[in-house]
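Report on the structure given below.
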Amino acid sequence: MFSRKLLLIGGIFAFAVINIIVLFVSARYVSSSSASRHMGIAIVSPLQNAVTASIHSLRSMWMHYFFLVSTEKENDSLKKMLARTIYDVNYCKETEISNDRFRKLLDFKNASKLHYLPAGVIGKDPSHWYKTLVINKGVSEGITKGLPVVVPEGVVGQVIDASDHYAKVLLIIDSNSAVDALVQQTRANGIIKGDSEGRCLLNYVSRKEVINIGDAVVSSGLDGVFAKGLLIGKVTDIIRNKSGIFQDIEVSPFVDFDKIEEVLVVLDPSSQISYR
Amino acid sequence: MNPMVRIGLILFLVIFQTTIYYAIPALSHFVDLLITFVIYAGLFLPFLESVFLILVLGALMDSITGGLFGLYLSIYFWIIVGLRPFVMLLNLKNAHTLRLLLGTAIGFENLMLYIGTIALKQEIVFSSESMREMAYQLFWTLVLGPFFIRLLNAVDHHLKVNAQSK
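From first to last, the protein sequence lines are chains A and B.
Note that the first sequence covers residues 256 to 531 in this note's numbering.
Note that the second sequence covers residues 668 to 833 in this note's numbering.
Written as structure tokens, this is what we have:
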């Protein structure tokens, strides 16, 4: 009844449709930490780790022994920065002491110290449509899915998959990421989401809130993942539409995601700064 | 090239594209070596061998990407299947033919990755940064991809001749 060619074309078409349906269904219902994924990570990541370590050694050798032209200038600049930092550290110590005293007076619970695990970045997502990193620490070192990842400059992202010795981190600039955040100066609350352009958007901030360009945005601690007060970025643009109850706020992250080499994984996010 | 050498080559390309490209910022917009390898496998290797290699490559890529599991497998598989009817018809020594195939494959890959982001996010997103990255990737792949394919083919031929002469 049907020619062989027609059956072949029909079969290929049906297979393509099934393929697309399976992909959409797996997006909704299949866990990202499947055994097949872990097997692939277990094969690729040790090699990524070795290559990254070699590149870092070569870079370190170059920077320490050959690339000394600007060292003197950099040294002067660092001395000035150190002097300024010593002043800032002293100021922070004084503030911390006052803060402790006030906490005791108000009977607040003490802020618990976070436990960090340093990890090296060994690979990046091969596609520019997704923003993830691979780090060289995994379940064996205490990393589990959902743990927050930070650097001294601010929030990096969240662990979305962990195998024995390696883990995958979803960056806050990925469009699937969301972090509950506050504008530091005004305490306006919103949700930081990646906008696929290497920046973030602070969504759901009421139009009534007065936000200024340059204001710092920090984590609010309300999402139960990121500790309160971690730096995220600064406001670079504000769009107040004529209609609607929210304003659109563009945030430029403090972290340079193209240059991260090491990160800190917060091992016990439950013991974050808490108030009674 | 024996299959183990080819799998080694696949691993090397994956490491190169995910680690060395990341460590050396100047390479971040460079040629997409993986799609170039897929085109090479589809055009110059026996169908079943190319399907096997592409399944290995797709599974590795799916493991390390943040997208849907099976997305790269699907992309590479459909590129290989799509190339089949053209293998006998096209002049594969012509660089422009290879460029046309590479360009189409990159377009298809990015379209599928875009559909993958929609499936994950459940909403339509547009990323001008991704479009810009795709344009760089397309440019470099069109310029250097045919040379890379010819290089792989020449190495393969050389190894085959050596193996036969022993």
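Note that the Cβ used here is the ideal one computed from N, Cα and C, for glycine as well.
These numbers were taken from a predicted model, which means no experiment stands behind them.
Residue burial classification, residue i (beta-carbon count within 10 angstroms, cutoff 16)
| i | result |
| --- | --- |
| B/Leu756 | exposed |
| A/Val480 | buried |
| B/Glu776 | buried |
| B/Met873 | Residue 873 of chain B falls outside the range modelled here, since chain B spans only 668 to 833, and no answer is possible. |
| A/Ile341 | exposed |
| A/Arg495 | exposed |
| A/His293 | buried |
| B/Gln831 | exposed |
| A/Arg531 | Any reading at A/Arg531 needs caution, since the residue's pLDDT is 34, under 50, leaving its predicted position unreliable; the model's value is listed next. Under this definition A/Arg531 is an exposed residue. |
| A/Arg259 | exposed |
| B/Pro713 | exposed |
| B/Tyr688 | buried |
| B/Leu780 | buried |
| B/Pro752 | exposed |
| A/Ala271 | exposed |
| B/Asn829 | exposed |
| B/Thr808 | buried |
Span of the beta strand (DSSP E) around residue i
| i | result |
| --- | --- |
| A/Pro373 | 371–379 |
| A/Tyr459 | 455–461 |
| A/Gly445 | 444–449 |
| B/Val723 | Taken as a continuous stretch (DSSP letters only), B/Val723 belongs to no beta strand (DSSP E), being part of the alpha helix (DSSP H) at 714–731. |
| A/Leu437 | 433–438 |
| A/Ser507 | 501–508 |
| A/Glu464 | Here A/Glu464 belongs to no beta strand (DSSP E), and DSSP marks it neither H nor E. |
| A/Asp492 | 486–494 |
| A/Gly412 | 409–417 |
| A/Ile390 | 387–390 |
| A/Leu426 | 422–426 |
| A/Ser395 | That residue, A/Ser395, is in no beta strand (DSSP E); it is neither H nor E in DSSP. |
| A/Val473 | 471–474 |
| B/Leu757 | It is not in any beta strand (DSSP E) - B/Leu757 carries neither H nor E in the DSSP assignment. |
| A/Val405 | 403–406 |
| A/Leu519 | 517–521 |
Endpoints, the alpha helix (DSSP H) within which residue i is located
| i | result |
| --- | --- |
| A/Ser315 | 290–316 |
| A/Ala354 | According to the sequence shown, residue 354 of chain A is Asn rather than Ala. Residues 326–361. |
| B/Leu829 | Going by the sequence as given, residue 829 of chain B is Asn instead of Leu. 795–832 is the span of the alpha helix (DSSP H), which, as asked, contains B/Asn829. |
| B/Gly749 | 738–754 |
| B/Thr703 | 700–711 |
| B/Leu645 | Residue 645 of chain B lies beyond the stretch modelled for chain B, which goes from 668 to 833, so this question has no answer here. |
Pick from the options that is closest to residue i, judged by C-alpha positions
| i | options | result |
| --- | --- | --- |
| B/Leu727 | B/Ser794, B/Leu819, B/Asp823, B/Gln684 | B/Gln684 |
| B/Leu811 | B/Phe736, B/Leu678, B/Asp699 | B/Asp699 |
| B/Leu750 | B/Asn761, B/Ile731, B/Thr771 | B/Thr771 |
| A/Trp384 | A/Ile310, A/Asn431, A/Leu313 | A/Asn431 |
| A/Glu464 | A/Ile487, A/Pro407, A/Ile500, A/Gly484 | A/Ile500 |
| A/Asp450 | A/Ile504, A/Asp419, A/Arg462, A/Ile275 | A/Ile504 |
| A/Ile298 | B/Val723, B/Gly733, B/Tyr707, B/Phe719 | B/Val723 |
| A/Ala422 | A/Asn304, A/Thr350, A/Leu337 | A/Asn304 |
| B/Thr732 | A/Ala271, A/Leu263, A/Gly295 | A/Gly295 |
| A/Val414 | A/Glu408, A/Lys386, A/Pro407 | A/Lys386 |
| A/His420 | A/Val389, A/Gly266, A/Ser312 | A/Val389 |
| A/Gly412 | A/Ser300, A/Ile427, A/Val490 | A/Ile427 |
| A/Ala471 | A/Val410, A/Lys497, A/Ser332 | A/Val410 |
| B/Leu680 | B/Asn829, B/Leu826, B/Leu819 | B/Leu819 |
| A/Thr491 | A/Thr350, A/Ser507, A/Leu302, A/Ser498 | A/Ser507 |
| A/Ile468 | A/Lys483, A/Ala482, A/Gly488 | A/Gly488 |
| B/Leu738 | A/Pro381, A/Ile447, A/Val424 | A/Pro381 |
| A/Glu516 | A/Glu349, A/Gly375, A/Lys448 | A/Gly375 |
| B/Phe736 | A/Pro373, A/Ile493, A/Ser281, A/Ser312 | A/Ser281 |
Interface flag, residue i vs chain E, CB-CB below 9 Å
| i | result |
| --- | --- |
| A/Thr491 | No chain E appears in this structure, whose protein chains are A and B. |
Check: residue i C-beta below 8 Å from any heavy atom of the ligand NAD
| i | result |
| --- | --- |
| B/Asn669 | Annotation note on the ligand NAD: not contained in the displayed structure, which lists no ligands. |
At least 3 beta-carbon pairs within less than 8 Å: the region 443–458 of chain A vs the region 387–400 of chain A
Judged by Cβ distances under 8 Å, the region 443–458 of chain A makes no contact with the region 387–400 of chain A, as fewer than three pairs qualify.
Residues of the region 426–458 of chain A with a CB closer than 7 Å to any CB of chain B: list them in chain order, please.
Asp429, Ser430, Asn431, Ser451, Glu452, Gly453
Pairing CB atoms from the region 437–445 of chain A with CB atoms from the region 461–479 of chain A, are three or more of them under 8 Å?
yes
Between the region 401–420 of chain A and the region 806–826 of chain B, can you find at least three pairs of beta-carbon atoms closer than 8 Å?
no
Below 8 Å, how does it come out for the region 299–319 of chain A and the region 442–456 of chain A: are there three or more Cβ pairs, yes or no?
no
Quick one: which residues of the region 708–734 of chain B get their C-beta closer than 8 Å to a C-beta of chain A? List them in chain order.
Ala726, Leu727, Met728, Asp729, Ser730, Ile731, Thr732, Gly733, Gly734
May I ask you to list, following chain order, the residues of the region 497–517 of chain A that have a beta carbon less than 7 Å from some beta carbon of chain B?
Asp513
Can at least three beta-carbon pairs, one atom from the region 670–680 of chain B and one from the region 512–522 of chain A, be found at a separation below 8 Å?
no
Short of 8 Å Cβ to Cβ, which residues in the region 382–407 of chain A face chain B?
Ser382, His383, Trp384, Tyr385, Lys386, Thr387, Val389
Using 8 Å as the cut-off, can you tell me whether the region 731–747 of chain B makes contact with the region 704–716 of chain B, which would need three or more C-beta pairs spanning the two stretches below that distance?
yes
Check distances from the C-beta atoms of the region 289–304 of chain A to those of chain B and list, in chain order, the residues that come in under 8 Å.
Taking 8 Å as the Cβ-Cβ cut-off against chain B, the residues of the region 289–304 of chain A that qualify are Ser289, Ser291, Arg292, His293, Met294, Gly295, Ile296, Ile298, Val299, Ser300, Leu302, Gln303.
Closer than 8 Å between beta carbons: that is the criterion. Which residues of the region 677–689 of chain B meet it against chain A?
Leu678, Val681, Ile682, Gln684, Thr685, Thr686, Ile687, Tyr688, Tyr689
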